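Engineer: Numbering (the UniProt record's numbering), first residue to last: 1 to 248.
C-beta atoms are modelled at their ideal positions from N, C-alpha and C, and glycine is treated no differently.
Values in this document were obtained by computation on a predicted structure and should not be read as measured data.
Before I ask anything, let me first share the structure, which is written out below as structure tokens.
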């Protein structure tokens, strides 16, 4: 009879001698049926069947994962991750040797493979958590005196906007490209007319900001080499295809 983990450890039937090729056998009992799993040799996959609770054969597993670990011809890891490969791009077989650190051996009927212990699902979950924290941070220009065009996510309006980064300090809500900000935090399409208005107001807002900065540093104004407002027109025009959404 199958053990509590769904297999017949002392049956004498191993993978090569029919454990994974036997037809599903519900057994002779009359108790309530339980969902178990067997390996379908034709379909090359594990399928469910109803087991009565006694008898049957060794092609009987409590979960799909146990069935796949024992019988499936593994060529991919969970979450469709790629298994470990050697320098010749051949899949490393861990049937007779252990996997390196950060990998675990997933045993199959014909091939056992080394799979990453850090799953894609786990990585995606952590990335989502990190993204949520980053995208909620306020705009932070930093503490230096440069004017680098960057982008941040404005959570109040749900859009990626531009800002001028000082070159040091700040926080992680700071992206080099608009597409990078949109990919991590989100994107909302805006009409072309909005962009034209934003482009116009942004140029003048930028000039007013720079002019105010030089007023406070009159003796250092020449070292800033600030161009006239007209030159910013070409700057923003060149960034037309990547900036998209600007903040006045």
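Apply the 10 Å Cβ neighbour rule to residue 89 and answer buried if 16 or more other Cβ atoms are within range, or exposed otherwise.
Structural biologist: The residue in question, residue 89, is exposed, as its Cβ has fewer than 16 Cβ neighbours within 10 Å.
Engineer: For the beta strand (DSSP E) that contains residue 105, what are its first and last residues?
Structural biologist: Note, residue 105: beta strand (DSSP E), 103-106.
Engineer: Quick check: the segment 38-46 against the segment 75-85, are at least 3 beta-carbon pairs closer than 8 Å?
Structural biologist: Too few Cβ pairs lie closer than 8 Å, so no.
Engineer: Answer yes or no: do residue 147 and residue 139 have a C-beta to C-beta separation smaller than 7 Å?
Structural biologist: Not a contact, by the Cβ cut-off of 7 Å.
Engineer: Give the C-beta separation of residue 84 and residue 61 to the nearest angstrom, bearing in mind that I take them to be a contact with Cβ-Cβ under 8 Å.
Structural biologist: About 25 Å; that fails the 8 Å criterion.
Engineer: Shortest alpha-carbon distance to residue 23 belongs to which of 32, 58, 154?
Structural biologist: That would be 58, whose Cα lies nearest to the Cα of residue 23.
Engineer: Just to confirm, are residue 54 and residue 27 a CB contact at a threshold of 7 Å?
Structural biologist: Their beta carbons are under 7 Å apart, which means residue 54 touches residue 27 by this criterion.
Engineer: By the 10 Å Cβ neighbour count, where 16 or more other Cβ atoms means buried, how is residue 183 classified, buried or exposed?
Structural biologist: The residue in question, residue 183, is exposed, as its Cβ has fewer than 16 Cβ neighbours within 10 Å.
Engineer: Can you say whether residue 100 is buried or exposed, counting buried as having 16 or more other CB atoms within 10 angstroms of its CB?
Structural biologist: Its Cβ having fewer than 16 others within 10 Å, residue 100 is exposed.
Engineer: Going by alpha carbons, who is nearest to residue 167 out of 69, 176, 143, 67?
Structural biologist: Closest option to residue 167, Cα to Cα, is 143.
Engineer: Inspect the beta-carbon positions of residue 135 and residue 160 and report whether they are closer than 7 Å.
Structural biologist: Contact: no.
Engineer: Give the straight-line distance between the Cα atoms of residue 186 and residue 117, rounded to the nearest whole angstrom.
Structural biologist: Rounded to whole angstroms, residue 186 to residue 117 spans 30 Å at the Cα level.
Engineer: In three-state DSSP terms, what is residue 78?
Structural biologist: Reduced to three states, the DSSP call for residue 78 is helix.
Engineer: Go ahead and pull the three-state DSSP assignment for residue 134.
Structural biologist: Here residue 134 sits in helix by DSSP.
Engineer: For the candidate residues 46, 132, 52, 164, whose alpha-carbon lies nearest to that of residue 66?
Structural biologist: For residue 66, the nearest C-alpha among the options comes from 46.
Engineer: When we look at the beta-carbon of residue 82 and count the other beta-carbons within 10 Å, is it buried (16 or more) or exposed?
Structural biologist: It is exposed - the Cβ of residue 82 has fewer than 16 other Cβ atoms within 10 Å.
Engineer: Which full runs of the beta strand (DSSP E) of 3+ residues lie inside the UniProt domain "BPTI/Kunitz inhibitor" (20-71), going along the chain?
Structural biologist: Taking only runs of at least 3 residues, the beta strand (DSSP E) segments lying wholly in the UniProt domain "BPTI/Kunitz inhibitor" (20-71) are 34-40, 45-51.
Engineer: Answer with buried or exposed for residue 72, where buried requires no fewer than 16 other C-beta atoms within 10 angstroms of its C-beta.
Structural biologist: Residue 72 comes out buried.
Engineer: Leaving out five residues before and five after residue 29 in sequence, what residues of the same chain have Cβ atoms less than 8 Å from its Cβ?
Structural biologist: Cβ within range, chain order: 52, 53, 54, 55.
Engineer: Cutting at 6 Å between CB atoms, please list the residues of its own chain near residue 283, excluding the five before and the five after it.
Structural biologist: With the chain running from 1 to 248 in the structure shown, residue 283 is simply not present.
Engineer: Please go through the same chain and pick out, in chain order, the residues whose beta-carbon is closer than 8 Å to the beta-carbon of residue 35, but skip the five residues on each side of it.
Structural biologist: Correct list, in chain order: 48, 49, 50, 51.
Engineer: When DSSP builds the beta bridges, which residues end up paired with residue 116?
Structural biologist: Its beta-bridge partners are 103.
Engineer: Can you name the start and end residues of the alpha helix (DSSP H) that residue 180 belongs to?
Structural biologist: Where residue 180 is concerned, the enclosing alpha helix (DSSP H) stretches over 178-185.
Engineer: Just the C-alpha distance for residue 192 and residue 133, rounded to the nearest angstrom, thanks.
Structural biologist: Low per-residue confidence applies at residue 192: pLDDT is 44, beneath 50, and the placement is therefore not dependable, though the value from the model is reported in the following sentence. Cα to Cα, residue 192 sits roughly 31 Å from residue 133.
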